[in-house]
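Below: one structure, written as structure tokens.
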Amino acid sequence: GAGVSQSPSNKVTEKGKDVELRCDPISGHTALYWYRQRLGQGLEFLIYFQGNSAPDKSGLPSDRFSAERTGESVSTLTIQRTQQEDSAVYLCASSLPTGWGRNTEAFFGQGTRLTVV
Amino acid sequence: GQNIDQPTEMTATEGAIVQINCTYQTSGFNGLFWYQQHAGEAPTFLSYNVLDGLEEKGRFSSFLSRSKGYSYLLLKELQMKDSASYLCAVRDTSQGGKLIFGQGTELSVKP
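If you read the sequences in order, they're chains U and V.
Residues 79 to 195, numbered by the numbering used here, are exactly what the first sequence covers, in order.
Residues 1497 to 1607, numbered by the numbering used here, are exactly what the second sequence covers, in order.
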């Protein structure tokens, strides 16, 4: 597609429910990133995919969070048993394969605003 | 470990020049990025540095010193629309090339 697409744009869920957030990266972008941004805060790294594998899962806050990617394309971030502290904007970004000296800027989607009530 | 530091907020006057500093410590390094984020919007790319020195792009310039783990973003001829959060990010090669962001600097431009 023309840009990174995320869905839904807004999600309100009850505490304890599971949610699934979707990211469609730019075609040909093998690198994909998920971040969490709480109100007035910076971008908190969650997970990074190179192709379909995740070299670094260190940012996932707890075992309630998981992510997968298939076909070097769509990625889903799943949050199980949501808690109120999970309320935030979840941003997805994608980039071309990283390599020394290459300007592989990350392009961001508009994010999913998650509210847990 | 990884650590990226930038001032939390800055204020400047329309038409002036402002410099936003960023220091970083990462296990690996493959480039430093600056992004702009307006309230309620996604971050957008401003600049990229991988070698030491200054990169200029219109009213915006970015500088990098790898030996000092230091970068700055220079904004000239400030406009009201430049009021935004400015995010410094480093690509860390130690674990495959993830992109780590600082907390952002909230810039307010006053008339």
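Using N, Cα and C, we set each Cβ at its ideal position, and we do this for glycine too.
Everything numeric in this text was worked out from a predicted model, so none of it was measured.
Residues of its chain near residue i, where Cβ-Cβ distance is below 7 Å and the 5 sequence neighbours each way are ignored
i	result
residue 1567/V	1518, 1528, 1545, 1558, 1559, 1560, 1584
residue 1579/V	1603, 1604, 1605
residue 176/U	109, 182
residue 1534/V	1580
residue 1587/V	1526, 1527, 1593, 1595
residue 104/U	79, 81, 82, 172, 185
residue 1555/V	1571, 1572, 1573
Residue i (DSSP reduced to helix, strand or coil)
i	result
residue 1573/V	coil
residue 162/U	helix
residue 1504/V	coil
residue 176/U	coil
residue 141/U	coil
residue 1589/V	helix
residue 134/U	strand
Close-in-space but distant-in-sequence residues of the same chain around residue i (CB under 6 Å, 5 per side omitted)
i	result
residue 98/U	154, 156
residue 1509/V	1606
residue 1513/V	1572
residue 106/U	none
residue 100/U	85, 154
residue 88/U	191
residue 1597/V	1583, 1585
Contact belief for residue i with residue j at Cβ below 8 Å, rounded distance in angstroms
i	j	result
residue 1520/V	residue 1565/V	5 Å
residue 82/U	residue 186/U	6 Å
residue 93/U	residue 161/U	6 Å
residue 102/U	residue 167/U	Actually they do not touch by this definition, with Cβ atoms about 17 Å apart.
Same chain, Cβ closer than 8 Å to residue i, neighbours up to 5 away in sequence not counted
i	result
residue 96/U	156, 157, 158, 159, 160
residue 1590/V	1522, 1523, 1524
residue 1503/V	1516, 1517, 1601
Residue i Cβ short of 7 Å to the ligand FAD heavy atom set
i	result
residue 1562/V	As far as ligands go, the structure on display features none, and thus does not contain the ligand FAD.
Can you pull out the residues from the region 1532 to 1563 of chain V whose beta carbon lies closer than 7 Å to at least one beta carbon of chain U? From the region 1532 to 1563 of chain V, only 1538, 1539, 1541, 1544, 1546 have a Cβ closer than 7 Å to chain U.
Between the region 1521 to 1532 of chain V and chain U, which residues of the former have CB atoms less than 9 Å from a CB of the latter, in chain order? Contact annotation: in the region 1521 to 1532 of chain V, residues whose CB is within less than 9 Å of a CB in chain U are 1526, 1527, 1529, 1531.
Whole beta strand (DSSP E) elements within the region 103 to 132 of chain U, 3-residue minimum: Listed in chain order, the complete beta strand (DSSP E) runs (minimum 3 residues) inside the region 103 to 132 of chain U are 109 to 115, 122 to 128.
Which of the residues in the region 139 to 160 of chain U, read from start to end, lie with their CB under 8 Å from any CB of chain V? Those residues of the region 139 to 160 of chain U that come within reach of chain V (Cβ to Cβ, closer than 8 Å) do not exist; the list is empty.
Against chain V: residues of the region 89 to 109 of chain U by CB proximity under 8 Å: From the region 89 to 109 of chain U, only 109 have a Cβ closer than 8 Å to chain V.
Those runs of the beta strand (DSSP E) which lie wholly inside the region 1529 to 1553 of chain V and span at least 3 residues: Those beta strand (DSSP E) runs which fall completely within the region 1529 to 1553 of chain V and span 3+ residues are 1540 to 1545, 1549 to 1553.
Compile a chain-ordered list of the residues in the region 123 to 135 of chain U whose CB is closer than 8 Å to at least one CB of chain V. Flagged, chain order: 123, 126, 128, 133, 134.
Determine which residues of the region 1587 to 1599 of chain V have a Cβ less than 7 Å from any Cβ of chain U, and write them out in chain order. Within the region 1587 to 1599 of chain V, the residues whose Cβ lies closer than 7 Å to some Cβ of chain U are 1587, 1591, 1592, 1593, 1594, 1595, 1596, 1597, 1598, 1599, listed in chain order.
Which residues, in order along the region 1568 to 1587 of chain V, keep a beta-carbon less than 9 Å from a beta-carbon of chain U? Identification of residues in the region 1568 to 1587 of chain V having a C-beta nearer than 9 Å to some C-beta of chain U yields 1581, 1583, 1585, 1587, given in sequence order.
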